[in-house]
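K.L.:
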Amino acid sequence: MTGEGTERRRWHVPAPVRPFGVLAALALIYALALGLGWGGGLSGAWLSAWAAAIASSSLMYAAVRAPQTAVGKIDRDMWRWFGVAALAWCAGATVNAVSRLVISRAVVTVSPADLFLLVAPIAITAGFLAPVRLPRSPRPWLRYLADTYVCACALFVVGWVAIFDRLYHDSGEGWGQYLIELRYPVLDAALVCALFPMALVAVRANHRPAALAYGALLVVSAADVVYAVLRLGDDATHGIPADVVRTAGLLLLAAVPWIGRGGRPAEDTRRPLVGPGLAPAATAAAAAIFVAGHTLTGARGLRPIVPIVAGTAVLVLLARLAELVRENDRLGHAAASGEKHFRALAESINDVVLICGLDGVVQYVSAGPRRSYHYAAEDLLGRPVYDVVHPEDLPRVVDAVTAFLDADCDRDVARIACRVRATDGTWLPTESTISRYGRSGDGTDQLLVTTRDFSEQAALERQVAHLTFHDGLTGLPNRAYLEERAREKVGRSQGPVAVVFVDLDGFTAVNDSIGHAGGDQLLAQAARRLRAGVLADDTVARWGGDEFAVLMESATEVQTVVDLGERLLRALAGEPYRVADRAIVLTASVGIAFTEDGIEGAELIRNADIALSRAKDLGGGRVEVFAAKMHADVMRRLELGSDLQRALTEQQFAVEFQPVVELATSRVTGVEALVRWWRDGVSVPPEEFIGTAEESGLMVPLGNWVLREACAQVARWRENGWEIGLSINLRPREIAAAHFVDSVAAALADSGLPPGALTLEVKEEVLVDGSDELIERLSALRDLGVRLAIDDFGTGYASLAFLRQLPVDVIKIDPSFVSGLGRDETLTLLTRTIARVGRDLGLTVVAEGVERPEQLELLREMGCPRGQGYLVSRPMAPGGIEALIQLNPRGEASIPLHGSVISAS
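For my numbering, count along the sequence shown from 1 and bump the result up by 116.
1. Indicate whether the contact test is met: 3 or more Cβ pairs, each with one atom in the segment 542-550 and one in the segment 563-577, closer than 8 Å.
2. Given 8 Å as the limit, tell me if Ala332 has its C-beta closer than that to any heavy atom belonging to the ligand HEM.
3. Using 10 angstroms around the beta-carbon of Gln573, count the other beta-carbons present and answer buried if the total reaches 16, otherwise exposed.
4. Which value, in whole angstroms, describes the spacing of the CA atoms of Ala242 and Trp197?
5. Closer than 8 Å by C-beta to Thr875: which residues in its own chain qualify, once you throw out the five before and the five after it? Chain order, please.
6. Along the chain, where does the beta strand (DSSP E) that runs through Ala533 open and close?
7. For Gly965, I'd like the list of residues in its chain whose CB is within less than 7 Å of its CB, leaving aside the five on either flank, ordered along the chain.
8. Which stretch, first to last residue, makes up the alpha helix (DSSP H) that contains Glu719?
9. Classify Gly1022 as helix, strand or coil using the three-state DSSP reduction.
10. Please work out which residues of its chain come closer than 6 Å, Cβ to Cβ, to Glu663, disregarding the five sequence neighbours upstream and downstream, and give them in chain order.
11. So which of Asp522, Leu734, Asp697 and Ile700 has the shortest CA-CA distance to Val706?
12. Judging by CA-CA distance, which residue of Ala696, Arg578 and Met314 is the nearest neighbour of Val626?
13. Can the beta-carbon of Leu311 be found closer than 9 Å to that of Phe244?
14. I'd like to know if the segment 938-953 and the segment 965-980 are in contact, where contact means that at least 3 CB-CB pairs between them fall below 8 Å.
15. Report yes if the C-beta distance between Ala831 and Leu869 is below 9 Å; otherwise report no.
16. Assign Ile726 to buried or exposed, taking buried as 16 or more other Cβ atoms, counted over all protein chains shown, within 10 Å of its Cβ.
17. Beta-carbon within less than 7 Å of Gly476's beta-carbon, same chain only, minus the 5 sequence neighbours each way: which residues are those?
18. For Lys189, count the other beta carbons within 10 Å of its own beta carbon; 16 or more makes it buried, fewer makes it exposed. Which is it?
19. Does DSSP put Ser895 in a helix, a strand or coil?
20. Check whether the Cβ atoms of Ile708 and Glu740 sit closer than 9 Å, and answer yes or no.
21. So, is Ala993 buried or exposed, given that buried needs 16 or more other C-beta atoms within 10 angstroms?
22. Over the uninterrupted beta strand (DSSP E) stretch that includes Trp821, give me the two end residues.
23. On the criterion of 16 or more Cβ atoms from any shown chain inside 10 Å, does Ala305 qualify as buried, or is it exposed?
24. Does DSSP put Asn845 in a helix, in a strand, or in coil?
25. I'd like the list of long-range same chain contacts for Phe805, defined as Cβ closer than 7 Å, with 5 residues on each side in sequence excluded.
26. Please report the distance separating the alpha-carbon of Pro183 from that of Val317.
27. Is the beta carbon of Asp899 closer than 9 Å to that of Val878?
28. Within this structure, are the beta carbons of Val777 and Val988 separated by less than 9 Å?
29. Between the Cα of Arg512 and the Cα atoms of Ala533, Asp528 and Asp524, which residue gives the shortest distance?
30. Under three-state DSSP, which class holds Cys472?
31. Out of Glu803, Glu719, Leu369 and Phe769, which one is the CA nearest neighbour of Arg753?
32. Would DSSP call Ala767 helix, strand or coil?
33. List the DSSP bridge partners of Ile544.
34. Taking Ala602 as the reference, give the member of Arg722, Ile997, Ala364 and Ser859 with the closest Cα.
35. Quick one: Cα of Gly554 to Cα of Gln562, how far?
36. Rounded to whole angstroms, what's the CA-CA distance from Thr672 to Thr711? Just pull it up for me.
Okay, here's the thing in structure tokens:
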């Protein structure tokens, strides 16, 4: 157990009853002293001094020894000042007792003890000021002093009329001498009234011992009144009752730190000073009633003290009321001005602004409904706002409003999305913000409702969602959609499901001979044939490139699925394709996989892909059904994985860089790092080993090597004055690696490359298979200062979801869109839409696969800022990039682009 825990336990040992036990013991000693006559007539004075010493010691000890975790600084400050006050009382009582011994036990009007006794109120006031944040402007101070004066005058008038008037006339003393005798009661009245607001602030801030201290002050003040009454009445025992009361008050002050401990500590924050509320007025009213009753009884003695004091109090009260009236007028004007400005603002914005009762009845409506929904104001005023809410959304809206109005709700606003009916009967998507507005003229509560029409945003989201769910070339669902659909169907286990993969044999050679535009036309024709050859319930999707996939959701018979595969093969190869007046004959390969126990959607698709690879390995033009014996490809991949491991050890890899240029100026703004493998002196295309590297677990060390090499190279270029950025593509296994974020940070630190100069590209497959952990890791990269990009944007639904979950900096338009620019209106429109979406979202847009001058011109016209591709430059070794730098002595590089003349920077 730690020392702090032991100290805390020791601090909480005293139970709340123990201070009262101590007080009872001291009271018993005090009573015994009085009964036995200890100290003679000075026993009360001595015991008062002891009580004050006990109080001071208790407070100072608590202020110093209390654990930091249990008591805040403000409580400690309060206790220190209260301790100083008790110490002053102790000194005053001691000096008073000594003075009475020296002057033969006589009682004097003024003594050296007064010097100490007048310090105590100052210290008490300082203690109560500890939790108070004092106002800086003079107006609150004037109000506070006026209230204090009125309250003190009222107490004085009551005391004078009830007690001191008679004693004044009986004493025969002059006013001056008599007021000196009343110095402590008058000071106590002012102090009690002045400290009442501060005690309220302390209690509201959870400094509850302050209430006990204020009670002790009241008891000590009562002792001063008792002392003055008995002294002016020449009572021989005037010291004893007053000392009894004063001792009780001081012992009560001693118990302040020990009462109520162990609860929630008070906050160490100061609260603003608030007024005493109705206390001054109530005190003045009580005093007036008392004086009126006294007058009606025919008693004498109201002059001249009462008229003077009461008159000044009335003058101060009138001044206070005048100031209050002026303040109310100012607040009224401010409220009217605020209401005017509010309505002007409500009329000037496109949002709909409503003020409703708690029952939803509209009491005010801005001009927004006429513009957005074509409602006139009189069509909505006096009607429940729920009348225009869609019936399907109404229960949810009512529940949300009810929860917001619940007493336990601590929210300031509530946001509700629902559909609202326009005058033409259409339902418009909206988002409303509801807050408490105030009270109407009849005193009922009101709600402020601000509604925004989200029709345009919803339409744009639907358009982008369609782009991300569908292939722009064929109009078919894309790979991401098929994977999600297969995951849902296999997960539900509602029956056998089959996946059919279809690939056009020899399409790459045909695409090279007729060009990408002709290849796109061929793919579009193949998509139409596939769509015509399947059932209505089957899903046909473009998997990527020249691969298509069919998801059969009711594959009850194996032969039925095989027959479908044969039918699709004949449909694709039965007739020539017509492209640019040329007849092109192609065959196709088909791979089929069926669901099995324990299989998931991704495994089903993978099995179909393996079967397709088997069909192509056997020469193509055939249908293959996946079987567990298909291990030949797996063995080949294992062999390739072994060679990859040896290549990593022997450093057979190299990094090439493809420039990314600013299309408007041809200035090279960055490079994309691409890995190359020289296997026994022969270059191995990345598509042949990247997949195997991922499957064999080598993608993580390979990716880390590429990252470190590329960062070091680009950092050296930047040291030479070339402000260039670096882009690197991430694979799924790299992000999933345990220390991926740390490895990126280490690569940046070791190379000296600024984080903002590194852009990490996230491919579509990473987003499709993404999880919360993926988002967290990408967010951690963003926190490092690294920029994030979405590669192949528009080819899968996950791009839109990713943009919603994590802010990115760059989107890269997929080459399949860029390839159709100028030749396919649909692809041109889709590319233009993506460029506009990126620009509207404040993202940098990079077009990939720029290969023709007309593509370059269209991209410029669309406002696409950057691009890369064979028209710009093929990937180059570091030496080729350095040659670009040497062409420009200013440390910048530009690449002349074919097409319009572009000035080099």
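Virtual Cβ for every residue (Gly too), placed ideally from N, Cα, C.
None of these values were measured; they are calculated from a predicted model.
P.N.:
Per the coordinate set shown:
1. Three or more beta-carbon pairs drawn from the segment 542-550 and the segment 563-577 are found closer than 8 Å, and the two stretches are therefore classed as touching.
2. Ligands displayed in this structure: none; no statement on the ligand HEM is therefore possible.
3. Start at 1 with the first residue of the sequence shown, and residue 573 comes out as number 457. Result: exposed.
4. In the sequence shown, counting from the first residue as 1, residue 242 sits at position 126. In the sequence shown, counting from the first residue as 1, residue 197 sits at position 81. Taking the straight line joining both Cα atoms gives about 6 Å.
5. In the sequence shown, counting from the first residue as 1, residue 875 sits at position 759. Same-chain partners within the cutoff: Gly786, Gly841, Leu842, Ser843, Ile844, Val902, Arg903, Leu904, Ala905, Asp925 and Val926.
6. Along the sequence shown, one-based indexing puts residue 533 at 417. Val529 to Arg537 is the extent of the beta strand (DSSP E) around Ala533.
7. Reading the sequence shown from its first residue, position 849 is the one you call residue 965. Excluding positions up to five away in sequence, the list reads Pro931, Val934, Ser935 and Gly985.
8. For this step, residue 719 is matched to residue 603 along the sequence shown. That run of the alpha helix (DSSP H) goes Gly717 to Asp733.
9. This structure leaves residue 1022 out entirely; the chain is present only between 117 and 1021.
10. Counting from 1 along the sequence shown, the entry for residue 663 is found at position 547. Same-chain partners within the cutoff: Asp619.
11. By one-based count along the sequence shown, residue 706 stands at place 590. It is Leu734 whose Cα lies nearest to the Cα of Val706.
12. Here residue 626 is taken as the residue at index 510 of the sequence shown, counted from 1. Among Ala696, Arg578 and Met314, the Cα nearest to that of Val626 is on Ala696.
13. Here residue 311 refers to the residue found at position 195 of the sequence shown. Here residue 244 refers to the residue found at position 128 of the sequence shown. The Cβ atoms of Leu311 and Phe244 lie closer than 9 Å to each other.
14. yes
15. Here residue 831 is taken as the residue at index 715 of the sequence shown, counted from 1. Here residue 869 is taken as the residue at index 753 of the sequence shown, counted from 1. Contact flag set, yes.
16. Here residue 726 refers to the residue found at position 610 when the sequence shown is read from its first residue. By the neighbour-count rule (16 or more Cβ atoms within 10 Å), Ile726 is buried.
17. Taking the first residue of the sequence shown as 1, we reach residue 476 at position 360. Same-chain partners within the cutoff: Pro500, Val501 and Tyr502.
18. As a working note, residue 189 is residue 73 in the sequence shown. That one is exposed.
19. As a first step, residue 895 must be located in the sequence shown, where it is residue number 779. Helix, per DSSP.
20. Position 592 of the sequence shown, counted from the start, is the residue given in the question as residue 708. Position 624 of the sequence shown, counted from the start, is the residue given in the question as residue 740. Closer than 9 Å, so yes.
21. Locating residue 993 in the sequence shown gives position 877, counting from the first residue. Ala993 comes out exposed.
22. Mapped onto the sequence shown, residue 821 falls at position 705. Per DSSP, Trp821 belongs to no beta strand (DSSP E); it is in the alpha helix (DSSP H), Met815 to Glu835.
23. Looking up residue 305 in the sequence shown gives position 189. By the 10 Å Cβ count, Ala305 comes out buried.
24. Taking the sequence shown and counting its residues from 1, the one referred to as residue 845 is at position 729. Residue state, collapsed to three classes: strand.
25. Within the sequence shown, numbered from 1, the residue matching residue 805 stands at position 689. Closer than 7 Å at the Cβ level, and outside the excluded window around Phe805, lie Leu756, Leu760 and Trp793.
26. Counting from 1 along the sequence shown, the entry for residue 183 is found at position 67. Counting from 1 along the sequence shown, the entry for residue 317 is found at position 201. A caution first: Pro183 carries a pLDDT of 48, below 50, which makes its placement in the model too unreliable to give a value.
27. As a first step, residue 878 is located in the sequence shown; it is residue number 762 there, counting from the start. As a first step, residue 899 is located in the sequence shown; it is residue number 783 there, counting from the start. No, the pair does not count as a contact, with Cβ atoms beyond the cut-off.
28. Residue 777 sits at position 661 when you count from the first residue of the sequence shown. Residue 988 sits at position 872 when you count from the first residue of the sequence shown. A contact, by the Cβ cut-off of 9 Å.
29. For the purposes of this step, residue 512 is identified with residue 396 of the sequence shown, where counting begins at 1. Among Ala533, Asp528 and Asp524, the Cα nearest to that of Arg512 belongs to Ala533.
30. As a position in the sequence shown, residue 472 is number 356, starting the count at 1. Strand, per DSSP.
31. Counted from its first residue, the sequence shown places residue 753 at position 637. The residue with the shortest Cα to Cα distance from Arg753 is Glu803.
32. Taking the first residue of the sequence shown as position 1, residue 767 is located at position 651. The sequence shown places Gln at residue 767, not Ala. If DSSP states are grouped into helix, strand and coil, Gln767 belongs with coil.
33. Taking the sequence shown and counting its residues from 1, one reaches residue 544 at position 428. For clarity, residue 544 is Leu in the given sequence; the question names Ile instead. Partner(s): Val536.
34. Locating residue 602 in the sequence shown gives position 486, counting from the first residue. Among Arg722, Ile997, Ala364 and Ser859, the Cα nearest to that of Ala602 is on Arg722.
35. Taking the sequence shown and counting its residues from 1, one reaches residue 554 at position 438. Taking the sequence shown and counting its residues from 1, one reaches residue 562 at position 446. Approximately 5 Å between the Cα atoms of the pair.
36. As a working mapping, residue 672 is identified with position 556 in the sequence shown. As a working mapping, residue 711 is identified with position 595 in the sequence shown. The alpha-carbon atoms of Thr672 and Thr711 are separated by roughly 11 Å.
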